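Inspection log for the structure reproduced underneath, given as structure tokens.
Number of protein chains: 2
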Amino acid sequence: MLTKEGESALLDLRQDIDRIDQTIISLLAERKNRVSQVVELKKKYSLPVHHPAREEDMLSSLRKQAAGADIDPDHVEDLFRGILKESRRSQTLRIARKAVRPDTTVLLVGADGGMGMYFRKWFLDAGYTVRGLEKTDWHRVGELCDGIGLAVISVPIGATVPVIERLGPHLPPDCVLADLTSIKSPPLAAMLSSHSGPVVGLHPLFGPTTSTMDKQTVAVTPGRHSADYQWVLDQLAVWGAVLVETGADVHDKIMDIVQALRHFATFSFGRFLSRKGIDLQQSLEFSSPIYRLELGMVGRLFAQDPALYSEIIFATPQRRALLKEFISSLAENMELLEGEDKEAFNGQFRKIAEWFGPFSDQAMRESTYLIDKLAERF
Amino acid sequence: MLTKEGESALLDLRQDIDRIDQTIISLLAERKNRVSQVVELKKKYSLPVHHPAREEDMLSSLRKQAAGADIDPDHVEDLFRGILKESRRSQTLRIARKAVRPDTTVLLVGADGGMGMYFRKWFLDAGYTVRGLEKTDWHRVGELCDGIGLAVISVPIGATVPVIERLGPHLPPDCVLADLTSIKSPPLAAMLSSHSGPVVGLHPLFGPTTSTMDKQTVAVTPGRHSADYQWVLDQLAVWGAVLVETGADVHDKIMDIVQALRHFATFSFGRFLSRKGIDLQQSLEFSSPIYRLELGMVGRLFAQDPALYSEIIFATPQRRALLKEFISSLAENMELLEGEDKEAFNGQFRKIAEWFGPFSDQAMRESTYLIDKLAERF
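Same order as they appear, the protein sequences are chains A and B. Throughout the first sequence, residue numbering follows this note's numbering, covering -4 to 373 in sequence. Throughout the second sequence, residue numbering follows this note's numbering, covering -4 to 373 in sequence.
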């Protein structure tokens, strides 16, 4: 039983805790106020509102402070990621999803595809006038292009260049021409030669099932008259996207890896599993969360439209060459197996680990976090 | 462009924010300290440590305060649920998880390896007497085995069978003999022939960096006298693990895929990335959350001990044969590339998708959840 003395000690401690919690809330209110001021300032000077690098710096210094105070750094990182996210959310709500150029008419070419529908909604919600141009609409292309300020091409990779060439002559000279294709060099060249006005290549690195554009990346490959298409980039930034600018060639080389190689490797792995007739359910019963996650990545691919992937994988000759090189490179690993040489394997492993460098530790941290989330939920 | 004035205003605001964040962390440290005192007090008076009703009261009063300070009450509730959860977790770690057979002495063979150290800590925290047997301790093996109730083998795969054969003759007849190896047939056979008492094969499907055993899977391959080793399984269950029982052969076949093939495919992918000298940081800048996740899985592998993987990959001849078959199977995909045949690819894709069946949708759901988590956090 609790004595009088014990009871009063407990009460004191609880009051201390309540006071601490109240102070934390006051601090959060103060923080919100300061963040609003930062946003005002940034808008005044047209600076990007999000600053991912600063956030990461903040977080790693907070982690250090937490470790010093004997609090789990992961916990503190979690808390502050929550605070930062809420902060972004409330700022985004405040500036709403306002149109940067509300009086503009936007033409979406391929408005009935996944990304087309996605952007149609965003432009409409922001107050733009939106027209769609589908396959069956070419007979009235002149009418549809009349008076538009922006044309966005959102068609399958293979159709992009012909569609651009067909559309170009109908565009008003000052209209911004942009595309959303996941390769950039051929469409950008086609846009520049088919249209004399402002041109910009865009590649949203997310799918149409993404609910917000918050922190989603859009790759930007400049074409011509950047001052005239800047408002389109501003619009994406207002919607929360992070813009990353690069040349079309560099972009395509990165995507050879980030999209084509990755999808192809996943496809090959899935193909082998199906060929061996692996019992997936049984294998999941005996699986760690990370296996579940990795198998999930493979399963996820096969839940989607094959055309999406074949378009990406077969997009360019360079890409196909890279994938062939990948297959050939695997033969090297055959030697390791045939030699049954653990030491050779370990040596290779260490060399690769060195090359991965600090990224490995970061990957370990991030994926451990996710694995915990997965274990919590499933 | 930012003026001097604007820059200094921005800097001031950021310093304010940093100061606020630091104060919050100090408060969290103070809070943790008070909570520990509460727990001490409660233990002294044998009061229950958790007090759900008080937590709900606290949360609703914090919600009110938040609303008054123009902060989203849901956000504040989320934050404090996180704080309370962490508080419970760190308290739980402190009071550890009780021993099912507290008077038992446990011998850990390989107590200085990753998993050895992991289980040493758990057994110790639960109140068991724990001894370690390392390579250099064989001269006093008799003394170390004297009176023990459980011997756990936690050595590299290649060493498991010889270690078991060497240890067996020294074990008390009623001692439980268990191993933690990731393959089960050879160790189980060795344990059964080297020891006449209770025998069970265990394979914890998680690594030593896992902070809790909550919901983590342990594969159990029965050996002999299950009633006598049941307490070991109960102990794992008390620690939060989920036990899945199977035959050793079935287990090993599943692990050929779940571990060996998966690790090997990841290794090969990482090897190709390093060979091509891909700029990882640049590729991450242009990446969607799912790429980040997938690349993270690769990076994660290379953050770990190569020996761990070579032991797994080279463990048995069947395993090596499977991996060779995997490499050969990739040549089929070369044909798809050389034919530049999108339709053939799509056809294959559909067949595999059909084979994956409902798992694909499940994978899509789970991975979408995780991707959202990832986007939230990074």
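Glycine residues also receive a C-beta, built at the ideal position from the N, C-alpha and C atoms. This one's a predicted model, so the numbers in the text were calculated from it and none came from an experiment.
- [ ] Buried or exposed for H134 of chain A, please, with buried defined as at least 16 other CB atoms from any protein chain shown within 10 angstroms of its CB.
- [x] Numbered from 1 along the first sequence, position 139 holds the residue referred to as residue 134 of chain A. Counting Cβ neighbours within 10 Å, H134 of chain A comes out exposed, since fewer than 16 surround it.
Open item on the list: Please give me, in chain order, every unbroken run of the beta strand (DSSP E) with length at least 3 that falls completely inside the stretch 50 to 102 of chain B.
Closed with: Counting only runs of 3 or more, we get nothing.
Open item on the list: Just to confirm before moving on: does the CB-CB distance between G192 of chain A and T216 of chain A stay below 9 Å?
Closed with: On the first sequence, residue 192 of chain A is found 197 positions in, with the first residue counted as 1. On the first sequence, residue 216 of chain A is found 221 positions in, with the first residue counted as 1. Contact: no.
Open item on the list: Would R107 of chain B and G77 of chain B be called neighbours here (beta carbons separated by less than 9 Å)?
Closed with: Here the question's residue 107 of chain B lines up with position 112 in the second sequence. Here the question's residue 77 of chain B lines up with position 82 in the second sequence. Looking at the sequence provided, one finds Asp at residue 107 of chain B rather than Arg. Going by C-beta atoms, D107 of chain B is not nearer than 9 Å to G77 of chain B.
TODO: Would you decide whether G63 of chain B is buried or exposed? Buried here means 16 or more other CB atoms lie within 10 Å of its CB.
DONE: As a working mapping, residue 63 of chain B is identified with position 68 in the second sequence. Taking all protein chains shown into account, G63 of chain B has fewer than 16 neighbouring C-beta atoms within 10 Å of its C-beta and is therefore exposed.
TODO: Tell me, to the nearest whole angstrom, how far the beta carbon of I178 of chain A is from that of T311 of chain A; I am working on the premise that it is less than 8 Å.
DONE: The residue given as residue 178 of chain A occupies position 183 in the first sequence. The residue given as residue 311 of chain A occupies position 316 in the first sequence. Right, their Cβ atoms sit about 7 Å apart.
- [ ] Kindly say whether F373 of chain A, judged by its beta-carbon, lies nearer than 9 Å to any beta-carbon of chain B.
- [x] The residue given as residue 373 of chain A occupies position 378 in the first sequence. Residue confidence for F373 of chain A is low, a pLDDT of 48 falling below 50, so the modelled location carries little weight; the figure read from the coordinates is stated next. Chain B contact via Cβ: present.
Open item on the list: Just to confirm the assignment, what range does the alpha helix (DSSP H) spanning L139 of chain B have?
Closed with: Translated into the one-based positions of the second sequence, residue 139 of chain B becomes position 144. 136 to 140 is the span of the alpha helix (DSSP H), which, as asked, contains L139 of chain B.
Task: Length at least 4, wholly inside the stretch 325 to 372 of chain B: the alpha helix (DSSP H) runs in chain order - done: 337 to 351, 353 to 372
Task: Contact residues within the stretch 189 to 204 of chain B, judged by C-beta distance below 7 Å to chain A - done: L200, F201, T204
TODO: Using beta-carbon positions only, say whether L74 of chain A and L23 of chain B come within less than 9 Å of one another.
DONE: Within the first sequence, residue 74 of chain A is the residue found at index 79, counting from 1. Within the second sequence, residue 23 of chain B is the residue found at index 28, counting from 1. The answer is yes: Cβ separation under 9 Å.
- [ ] Identify the continuous beta strand (DSSP E) that holds G196 of chain A and give its terminal residues.
- [x] Along the first sequence, one-based indexing puts residue 196 of chain A at 201. Residues 194 to 199.
Task: Beta-carbon proximity check, M53 of chain B vs D16 of chain A, cutoff 9 Å - done: Within the second sequence, residue 53 of chain B is the residue found at index 58, counting from 1. Within the first sequence, residue 16 of chain A is the residue found at index 21, counting from 1. In this structure, D16 of chain A lies closer than 9 Å to M53 of chain B by Cβ.
Task: Interface partners of T155 of chain A on chain B, CB under 7 Å - done: Counted from its first residue, the first sequence places residue 155 of chain A at position 160. Correct list: empty, because the minimum Cβ distance to chain B is about 15 Å.
Open item on the list: Rounded to the nearest angstrom, what separates D11 of chain B and A236 of chain A at their Cα positions?
Closed with: Translated into positions along the second sequence, residue 11 of chain B becomes position 16. Translated into positions along the first sequence, residue 236 of chain A becomes position 241. Near 26 Å, if we compare the C-alpha coordinates of A236 of chain A and D11 of chain B.
Open item on the list: Which complete beta strand (DSSP E) runs does the stretch 239 to 283 of chain A hold, if anything under 3 residues is left out?
Closed with: none
Task: Helix, strand or coil at I143 of chain A according to DSSP, with G and I counted as helix - done: Here residue 143 of chain A is taken as the residue at index 148 of the first sequence, counted from 1. I143 of chain A: coil per DSSP, three-state reduction.
Open item on the list: Let me see if you follow: with CB-CB separation under 9 Å, is D11 of chain A close to chain B or not?
Closed with: For the purposes of this step, residue 11 of chain A is taken as the residue at position 16 of the first sequence. D11 of chain A counts as touching chain B.
Open item on the list: Checking 9 Å against the spacing of the C-beta atoms, do S180 of chain B and H246 of chain B come in under that value?
Closed with: Here residue 180 of chain B refers to the residue found at position 185 when the second sequence is read from its first residue. Here residue 246 of chain B refers to the residue found at position 251 when the second sequence is read from its first residue. A contact, by the Cβ cut-off of 9 Å.
- [ ] Using a cut-off of 7 Å between C-beta atoms, extract the partners of E289 of chain B located in chain A.
- [x] Taking the first residue of the second sequence as position 1, residue 289 of chain B is located at position 294. Within 7 Å Cβ-Cβ: R257, M292.
TODO: Measure the CB-CB distance between G122 of chain B and A94 of chain B and report whether it falls below 9 Å.
DONE: Position 127 of the second sequence, counted from the start, is the residue given in the question as residue 122 of chain B. Position 99 of the second sequence, counted from the start, is the residue given in the question as residue 94 of chain B. In this structure, A94 of chain B lies closer than 9 Å to G122 of chain B by Cβ.
Open item on the list: Less than 9 Å between CB atoms is the rule here; does V150 of chain A satisfy it with respect to chain B?
Closed with: By 1-based counting over the first sequence, the position of residue 150 of chain A is 155. Closer than 9 Å: no.
Open item on the list: Excluding the 5 residues flanking F373 of chain A on each side, which residues of the same chain have their C-beta closer than 6 Å to its C-beta?
Closed with: Sequence index remark: in the first sequence, residue 373 of chain A carries index 378 (1-based). Below a pLDDT of 50, predicted positions are generally treated as unreliable, and F373 of chain A, at 48, falls in that range; the measurement from the model is reported next regardless. Nothing listed; no residue qualifies.
- [ ] Output yes if chain A places a C-beta closer than 9 Å to the C-beta of P284 of chain B; else output no.
- [x] Stepping through the second sequence from its first residue, residue 284 of chain B is reached at position 289. Yes, its Cβ sits closer than 9 Å to a Cβ of chain A.
Task: Beta-carbon proximity of G218 of chain A to L238 of chain A, cut-off 9 Å - done: Walking along the first sequence from the start, residue 218 of chain A turns up at place 223. Walking along the first sequence from the start, residue 238 of chain A turns up at place 243. It is not a contact, given that the beta carbons lie outside the stated cut-off.
Open item on the list: Taking the straight line between their C-alpha atoms, what separation do you get for D141 of chain B and P164 of chain B?
Closed with: Here the question's residue 141 of chain B lines up with position 146 in the second sequence. Here the question's residue 164 of chain B lines up with position 169 in the second sequence. Roughly 12 Å between the two C-alpha positions.
Open item on the list: Just to make sure I have the definition right: I need the residues of chain A whose C-beta is within less than 8 Å of the C-beta of I159 of chain B. Which are they?
Closed with: Locating residue 159 of chain B in the second sequence gives position 164, counting from the first residue. Neighbours of I159 of chain B on chain A: none; closest Cβ ~21 Å, over 8 Å.
- [ ] From the DSSP output, in three-state form, read off R14 of chain A for me.
- [x] Your numbering for residue 14 of chain A matches position 19 in the first sequence. R14 of chain A falls in the helix class under three-state DSSP.
Task: 8 Å CB neighbourhood of Y304 of chain B in its chain, flanking five on each side removed - done: Taking the first residue of the second sequence as 1, we reach residue 304 of chain B at position 309. Cβ within range, chain order: H258, F262, L296.
- [ ] Consider the Cβ of T110 of chain A: report whether some Cβ of chain B lies at a distance smaller than 9 Å.
- [x] What you label residue 110 of chain A is simply residue 115 of the first sequence in a count that begins at 1. The question names Thr, but residue 110 of chain A in the sequence shown is Met. No, M110 of chain A does not count as interfacial toward chain B.
TODO: Answer yes or no: does any C-beta atom of chain B fall closer than 9 Å to that of K319 of chain A?
DONE: Against the first sequence, residue 319 of chain A aligns to sequence position 324. Closer than 9 Å: yes.
Task: Residues that R315 of chain A contacts on chain B, provided the C-beta gap is smaller than 9 Å - done: Looking up residue 315 of chain A in the first sequence gives position 320. In chain order: L332, E333, E335.
- [ ] For chain A, find out if any of its Cβ atoms is closer than 9 Å to the Cβ of W234 of chain B; answer yes or no.
- [x] Counting from one through the second sequence, the residue named residue 234 of chain B turns up at place 239. W234 of chain B does not count as touching chain A.
Task: Coarse secondary structure for G122 of chain A, derived from DSSP in three states - done: Against the first sequence, residue 122 of chain A aligns to sequence position 127. Coil.
Task: Expected contact under 8 Å - CB spacing of P182 of chain A and V213 of chain A to nearest Å - done: The residue labelled residue 182 of chain A in the question sits at position 187 within the first sequence. The residue labelled residue 213 of chain A in the question sits at position 218 within the first sequence. 15 Å between Cβ atoms; not a contact.
TODO: Tell me V104 of chain B's beta-bridge partners as DSSP assigns them.
DONE: Here residue 104 of chain B corresponds to residue number 109 of the second sequence, with the count starting at 1. V104 of chain B is bridged by DSSP to B:L128, B:I148.
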